[in-house]
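Peer 1: The numbers in the numbering used here rise by one with no breaks, and the one at position 46 of the sequence shown is 56. Where is the CB? At the ideal position from N, CA and C, for every residue including glycine. Keep in mind it's a predicted model, so treat the numbers as computed, not measured. Take this structure, written in C-alpha coordinates, and hold onto it; I'll ask about it next.
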Amino acid sequence: MDHPPSRLSTVHELLGFFWAQREWWLIPMAFALVALGLLCTVAQSSAIAPLMYSIF
(Lines of atoms letter the chains of each structure in order from A and count residues from 1; the text may use other names and numbers.)
(Lines give C-alpha, C1' and ligand atoms only; values in the text may rest on other atoms or scores of the structure.)
Protein backbone atom coordinates (compact mmCIF):
# COMPACT_ATOMS: atom_id res chain seq x y z
CA MET A 1 0.00 0.00 0.00
CA ASP A 2 1.53 3.29 -1.11
CA HIS A 3 1.37 6.24 1.22
CA PRO A 4 1.27 9.78 -0.11
CA PRO A 5 4.55 11.63 0.42
CA SER A 6 4.64 13.80 3.49
CA ARG A 7 5.75 17.41 3.45
CA LEU A 8 8.98 16.54 5.19
CA SER A 9 9.89 13.95 2.57
CA THR A 10 9.26 16.55 -0.14
CA VAL A 11 11.58 19.01 1.62
CA HIS A 12 14.16 16.24 2.09
CA GLU A 13 13.97 15.34 -1.60
CA LEU A 14 14.34 18.99 -2.63
CA LEU A 15 17.37 19.50 -0.39
CA GLY A 16 18.86 16.25 -1.67
CA PHE A 17 18.41 17.48 -5.24
CA PHE A 18 20.09 20.80 -4.45
CA TRP A 19 23.02 19.00 -2.86
CA ALA A 20 23.42 16.34 -5.58
CA GLN A 21 23.33 18.89 -8.39
CA ARG A 22 25.76 21.20 -6.55
CA GLU A 23 23.03 23.79 -6.37
CA TRP A 24 23.45 24.17 -2.60
CA TRP A 25 23.68 27.93 -2.99
CA LEU A 26 19.93 27.93 -3.81
CA ILE A 27 19.03 26.67 -0.33
CA PRO A 28 19.07 30.14 1.34
CA MET A 29 16.87 31.52 -1.45
CA ALA A 30 14.38 28.68 -1.01
CA PHE A 31 14.24 29.30 2.74
CA ALA A 32 13.77 33.05 2.17
CA LEU A 33 10.84 32.39 -0.18
CA VAL A 34 9.24 30.04 2.33
CA ALA A 35 9.73 32.58 5.14
CA LEU A 36 8.20 35.35 3.03
CA GLY A 37 5.22 33.14 2.20
CA LEU A 38 4.70 32.29 5.86
CA LEU A 39 4.95 35.97 6.83
CA CYS A 40 2.31 36.94 4.28
CA THR A 41 0.03 34.10 5.38
CA VAL A 42 0.30 34.96 9.07
CA ALA A 43 -0.10 38.69 8.43
CA GLN A 44 -3.39 38.15 6.57
CA SER A 45 -5.15 36.77 9.60
CA SER A 46 -3.77 38.93 12.38
CA ALA A 47 -3.69 42.45 13.70
CA ILE A 48 -0.37 43.20 12.00
CA ALA A 49 -1.95 43.22 8.53
CA PRO A 50 -2.02 47.06 8.32
CA LEU A 51 1.67 47.20 9.21
CA MET A 52 2.55 44.96 6.27
CA TYR A 53 1.86 47.85 3.87
CA SER A 54 4.91 49.67 5.18
CA ILE A 55 7.12 46.65 4.48
CA PHE A 56 5.97 46.22 0.90
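#1: State the Cα-Cα distance for the pair Glu-23 and Trp-35, rounded to the nearest angstrom.
#2: Classify Glu-33 as helix, strand or coil using the three-state DSSP reduction.
#3: Determine the DSSP secondary structure at Ala-57, reduced to helix, strand or coil.
#4: Excluding the 5 residues preceding and the 5 following Ile-37 in the sequence, name in chain order all residues of the same chain whose CB lies nearer than 6 Å to its CB.
Peer 2: For this structure:
#1: Rounded to the nearest angstrom, the two C-alpha atoms are 16 Å apart.
#2: Coil at Glu-33, not helix or strand.
#3: The three-state secondary structure of Ala-57, taken from DSSP, is coil.
#4: Here Ile-37 has Phe-28 as same chain residues with Cβ atoms under 6 Å from its own Cβ, once five neighbours each way along the sequence are excluded.
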